[in-house]
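Visitor: Under our numbering, read the sequence shown as residues 43 to 395, first letter to last. Where a beta carbon is used, it is the ideal one built from N, C-alpha and C, also for glycine.
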Amino acid sequence: MRLLTPKPAPLDDFFVPALCEPEALLTLVLLAELLVLVLVLAEPMTVGFDWVRLALVSLFVQWIVLLSAAVLCRLRPWLARCRPLIAGLGCCLVVVLLTLACTAVAEQYELGGPPSGEPALYLRHALISLIMSTLLLRYFYLQSQWRLQQRAELQARIEALQARIRPHFLFNSLNSIASLVVSDPARAEQAVLDLADLFRASLASPGSLVNWREEVTLTRRYLAIEHYRFGERLQVEWCVDGVPDDLPIPPLTLQPLVENALIHGVAPRIEGGLVRIEAQWRAGRFELQVSNPLAEREVPASRGTQQGLANIRGRLTALFGPDASLSVERRNGRHFTCLRYPCFSLTQEARAI
């Protein structure tokens, strides 16, 4: 029987962070300095505080910390392919060996006073480095597990929200096709094929984010279906030339906004109306605006409409944080639905999650 070996964790999921990063280095230096204070204060008290002793111990410990960070940073890709226990033992071994090496150098050049040559000194330094590195690695491991749990919960939440949107979208599209079955069977058949292509594209988009180009294509197919029902009453104006094709956006975000515009701005009006889709991306921020004319009489918001907007707002907040927003306003005889969220990277972010 063939045994299955566990796949190595991706480098981004490795519990030991990239210690060469400035933030990680600053944290290690501050923690090392706290350790120096503990070691110095733990020694027998003298009449005056020995600042020279503090400086020498600080130099000794900081050299160990910086050397360990540099070595572990270089070994990180290799350690990430090992099991967590083996990787942790390897990290501890590196720190202990560097500690012993720095102790030998300090003894050789008499940086801490006359050389003692006692094995107890090496054993003491090795035990301190082993304990501190074990505690720090344990902290890194717990932080990594917490991040993985948060990511899994976020993914489950997004999938649940997206699962609520798809039936809502399907039922409205089928209603549009149903109006053509009796009056124009040939066009109804073509609409079914368009719907099949639309859902094939939607279901083929893995992950929580898709490219802006795919989202636009999805919405154009939806509008093609609605054109069978509204005919010349439906007019659409696209102003999205300045948006990169690979800008990441949650799937089925634009289509529900356009659908709401048709329900509230085109369907109630005998003459129909113009749906304007405007989007721009600048300074790391994406803005999307869908507008439609106001109906002569107020159309009550359906539960599906409210749920669709709430789901889009929830997905934006879950993916892009509190800076993401979705707002609704009326001015100059038109109804505007606007969404905004920060987006500093393009293809790389679209591949995340």
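Please give the ranges of any alpha helix (DSSP H) in the stretch 81-135, keeping only runs that are unbroken, at least 4 residues long and fully inside the region.
Guide: Listed in chain order, they are 93-121.
Visitor: Please determine, among 378, 382, 139 and 332, the residue with the shortest C-alpha to C-alpha distance to residue 358.
Guide: Checked all of 378, 382, 139 and 332; the closest Cα to residue 358 is 382.
Visitor: Closer than 8 angstroms by C-beta to residue 385: which residues in its own chain qualify, once you throw out the five before and the five after it? Chain order, please.
Guide: Answer for residue 385: 289, 290, 323, 326, 327, 328, 362 and 391, listed in chain order.
Visitor: Which residues in the same chain have their Cβ closer than 7 angstroms to the Cβ of residue 176, if we skip the five residues on either side of it in sequence?
Guide: These residues qualify, in order along the chain: 134.
Visitor: Quickly, what does DSSP pair residue 380 with across the bridge? List them, please.
Guide: According to DSSP, residue 380 bridges with 331 and 369.
Visitor: According to DSSP, is residue 144 part of a helix, a strand, or is it coil?
Guide: Note: residue 144 maps to helix in three-state DSSP.
Visitor: For residue 60, which three-state DSSP category applies?
Guide: Residue 60: coil per DSSP, three-state reduction.
Visitor: Between residue 366 and residue 185, what straight-line distance do the alpha-carbon atoms span, to the nearest angstrom?
Guide: Straight-line Cα distance between these residues: approximately 26 angstroms.
Visitor: To which residues of the same chain is residue 396 closer than 7 angstroms at the C-beta, ignoring the five residues directly before and after it?
Guide: Outside the displayed range of the chain (43 to 395) lies residue 396, so it cannot be described from this structure.
Visitor: Note the first and the last residue of the continuous beta strand (DSSP E) segment covering residue 255.
Guide: First-last for residue 255: 254-272, but that is the alpha helix (DSSP H), not the beta strand (DSSP E).
Visitor: Can you give me the Cβ contacts of residue 110 inside the same chain, cut-off strictly under 6 angstroms, excluding the 5 residues immediately before and after it?
Guide: Counting only Cβ-Cβ distances below 6 angstroms, and skipping sequence neighbours, we find 137 and 140.
Visitor: In the DSSP assignment, find the unbroken beta strand (DSSP E) run with residue 303 in it and report its ends.
Guide: Looking at the DSSP string, residue 303 is not in any beta strand (DSSP E); the run it does join, the alpha helix (DSSP H), is 296-303.
Visitor: Residues bridged to residue 276 by DSSP?
Guide: According to DSSP, which records beta bridges pairwise, residue 276 is partnered with 315.
Visitor: Across the stretch 224-235 and the stretch 254-262, are there enough close Cβ pairs to call them in contact, namely three or more that are closer than 8 angstroms?
Guide: No, because fewer than three Cβ pairs between the stretch 224-235 and the stretch 254-262 fall closer than 8 angstroms, the two stretches do not touch.
Visitor: Can you tell me which of the three DSSP states residue 227 falls into?
Guide: If DSSP states are grouped into helix, strand and coil, residue 227 belongs with the helices.
Visitor: According to DSSP, is residue 149 part of a helix, a strand, or is it coil?
Guide: Looking at residue 149 - three-state DSSP - the assignment turns out to be helix.
Visitor: Out of 360, 65 and 70, state which residue places its alpha-carbon closest to the alpha-carbon of residue 193.
Guide: Nearest C-alpha to residue 193: 360.
Visitor: In its own chain, which residues sit with a C-beta less than 7 angstroms from the C-beta of residue 82, not counting the 5 before and 5 after it?
Guide: Cβ neighbours of residue 82 beyond the five flanking positions: 95, 96 and 99.
Visitor: Would you report the Cα separation of residue 369 and residue 380, rounded to the nearest angstrom?
Guide: Near 5 angstroms, if we compare the C-alpha coordinates of residue 380 and residue 369.
Visitor: If you drop the 5 nearest sequence neighbours on each side, which residues of the same chain put their C-beta closer than 7 angstroms to that of residue 355?
Guide: If we look at residue 355 and ignore the five residues flanking it on each side, its Cβ neighbours are 368.
Visitor: Just to confirm, is the Cβ distance from residue 122 to residue 56 under 9 angstroms?
Guide: In this structure, residue 56 lies closer than 9 angstroms to residue 122 by Cβ.
Visitor: For residue 80, is the classification buried or exposed, using 16 other Cβ atoms within 10 angstroms of its Cβ as the cut-off for buried?
Guide: Flag for residue 80 reads exposed.
Visitor: What residues match up with residue 385 in a beta bridge as DSSP calls it?
Guide: Residue 385 is not bridged to any residue.
Visitor: Quick check on DSSP: helix, strand or coil for residue 220?
Guide: The answer is helix: DSSP assigns residue 220 an H, G or I state.
Visitor: Beta carbon of residue 315, beta carbon of residue 334: below 9 angstroms?
Guide: Result yes, Cβ atoms of residue 315 and residue 334 sit closer than 9 angstroms.
Visitor: Excluding sequence positions up to five away, which residues of its chain have a Cβ less than 7 angstroms from the Cβ of residue 284?
Guide: If we look at residue 284 and ignore the five residues flanking it on each side, its Cβ neighbours are 322 and 323.
Visitor: Residues bridged to residue 321 by DSSP?
Guide: DSSP output for residue 321 lists 330 as bridge partner(s).
Visitor: Just grab the DSSP bridge partners of residue 291 for me.
Guide: For residue 291, which the question treats as bridged, DSSP gives the partners 252.
Visitor: Which term fits residue 374, buried or exposed, when burial requires 16 or more other beta carbons within 10 angstroms of its beta carbon?
Guide: Residue 374 should be labelled exposed.
Visitor: Please classify residue 106 as buried or exposed, where buried requires at least 16 neighbouring CB atoms within 10 angstroms.
Guide: Counting Cβ neighbours within 10 Å, residue 106 comes out buried, since at least 16 surround it.
Visitor: Below 7 angstroms CB to CB, which residues in the same chain sit around residue 237 once its five sequence neighbours on both sides are set aside?
Guide: Cβ neighbours of residue 237 beyond the five flanking positions: 215, 219 and 267.
Visitor: If you check the beta carbons only, do residue 396 and residue 318 fall under 9 angstroms apart?
Guide: A question about residue 396 goes unanswered here, because the residues of the chain that appear run from 43 up to 395.
Visitor: If you draw a straight line from the alpha carbon of residue 168 to that of residue 188, how long is it in whole angstroms?
Guide: Distance between the alpha carbons of residue 168 and residue 188 is about 30 angstroms.
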